[in-house]
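Last residue of the sequence shown: number 369 in the numbering used here, and the count goes up by one each step with no gaps.
Note that the Cβ used here is the ideal one computed from N, Cα and C, for glycine as well.
Since the model is a prediction, treat every value here as computed from it, not as a measurement.
Contents: one structure, followed by commentary.
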Amino acid sequence: NASFAQLRDDLEAAIALMREKNSALKILLTVSPVPLVASASGAHVLAATSHSKSLLRAVAGELAGAAEAIDYFPSYEIITHPVFRGMFFAPNMRAVVPEGVATVMKHFFEDQRRVFGEVVQSASGKPRKKGKARPEGDVMCEEELLNAFAK
219 NASFAQLRDD
229 LEAAIALMRE
239 KNSALKILLT
249 VSPVPLVASA
259 SGAHVLAATS
269 HSKSLLRAVA
279 GELAGAAEAI
289 DYFPSYEIIT
299 HPVFRGMFFA
309 PNMRAVVPEG
319 VATVMKHFFE
329 DQRRVFGEVV
339 QSASGKPRKK
349 GKARPEGDVM
359 CEEELLNAFA
369 K
């Protein structure tokens, strides 16, 4: 298991490499809700899963909170939150069932539509943005787009 600092440093290094190719890159981070099946740490797999997911979530949150072009989407929280009582996991309590994936994607695309507007097919068959309804004089700016999923 890597430490918080090691994970953060590795993710920052990966982002730096990607930004060498595209300096305007915007990044959306998430944490997989799929638990570990084994651990080389010597800790029980339940404790190892909790430790690993906590570190990954903390690193993602720290980086998303520190940079405008990095954001976090809560797929981990949607699937694993106690309010759902494990209903998004298959009987093996590891695999995410299709309803769980559909719920995550529904929230993801609803947020995309809320921020960027509806995408519709043009006569040529190519997707184009259909602006979301806004009161007259309500200006859409780049900061609004960047902050759409922020804190």
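Residue i classed as buried or exposed, judged by whether at least 16 other C-beta atoms fall within 10 angstroms
| i | result |
| --- | --- |
| G318 | buried |
| P316 | exposed |
| S272 | exposed |
| V337 | exposed |
| V301 | exposed |
Cβ shell of residue i (< 8 Å), same chain only, five flanking positions each side left out
| i | result |
| --- | --- |
| V255 | V263 and R312 |
| D228 | A220 |
Backbone CA spacing between residue i and residue j [nearest angstrom]
| i | j | result |
| --- | --- | --- |
| L274 | G260 | 19 Å |
| N240 | A285 | 16 Å |
| Y294 | V249 | 5 Å |
| P379 | T267 | Nothing about residue 379 can be read from this structure; the chain reaches only from 219 to 369. |
| F222 | P292 | 19 Å |
| R226 | L235 | 14 Å |
| V277 | A231 | 13 Å |
| D356 | R331 | The pLDDT assigned to D356 is 43, lower than 50, so where the model puts this residue is not dependable; a value taken from the coordinates is nonetheless given after this. Roughly 17 Å between the two C-alpha positions. |
| A242 | T321 | 30 Å |
| I233 | E328 | 27 Å |
Same chain, Cβ closer than 6 Å to residue i, five either side skipped, listed in chain order
| i | result |
| --- | --- |
| A287 | K244 |
| A265 | none |
Sequence-distant residues of the same chain with beta carbon closer than 7 Å to residue i, five excluded per side
| i | result |
| --- | --- |
| A282 | L247, I288, D289 and Y290 |
| V314 | P251, V252, I297, F306 and F307 |
| H325 | I296 |
Span of the beta strand (DSSP E), counted from its first residue to its last, around residue i
| i | result |
| --- | --- |
| L229 | Element bounds for L229: not the beta strand (DSSP E) but the alpha helix (DSSP H), F222 to K239. |
| L246 | I245 to L247 |
Residue span of the alpha helix (DSSP H) that contains residue i, given as start and end
| i | result |
| --- | --- |
| P316 | P316 to F334 |
| S257 | That residue, S257, is in no alpha helix (DSSP H); it is neither H nor E in DSSP. |
| S293 | S293 to T298 |
- Entirely within the segment 264 to 291 and at least 3 residues each: give me those beta strand (DSSP E) ranges in chain order. The segment 264 to 291 contains these whole beta strand (DSSP E) runs: 288 to 290.
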